[in-house]
Amino acid sequence: MEDIDYFKIDEKISENEVLVLVIYDIANDKKRNKLARCLNKYGFRV
């Protein structure tokens, strides 16, 4: 079976940039949406 690299990034990242993946499991819609709005300031939501 061939390995799949899900985190392969085609974009070049400069030396002073950091790539961060934030994973959260919040059942409460209000709290989850509040965190999502806060994190949107730093990047996109998947």
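When the letters of the sequence shown are read in order and numbered with the numbering used here, they come out as residues 604 to 649. Note that the Cβ used here is the ideal one computed from N, Cα and C, for glycine as well.
Checklist entry - CA-CA distance, Lys637 and Tyr627? => result Indexing the sequence shown from 1 puts residue 637 at position 34. Indexing the sequence shown from 1 puts residue 627 at position 24. One C-alpha to the other measures close to 12 Å.
Next on the checklist: Does Ala639 come out as helix, strand or coil in the three-state DSSP assignment?
Outcome noted: Stepping through the sequence shown from its first residue, residue 639 is reached at position 36. Ala639 falls in the helix class under three-state DSSP.
Item to check | Alpha-carbon to alpha-carbon, Val623 and Val668 | outcome: Because residue 668 is not part of the residues shown, which for the chain are 604 to 649, the question remains open.
Next on the checklist: Going by DSSP in three states, Asp632 sits in which element: helix, strand or coil?
Outcome noted: Stepping through the sequence shown from its first residue, residue 632 is reached at position 29. Here Asp632 sits in helix by DSSP.
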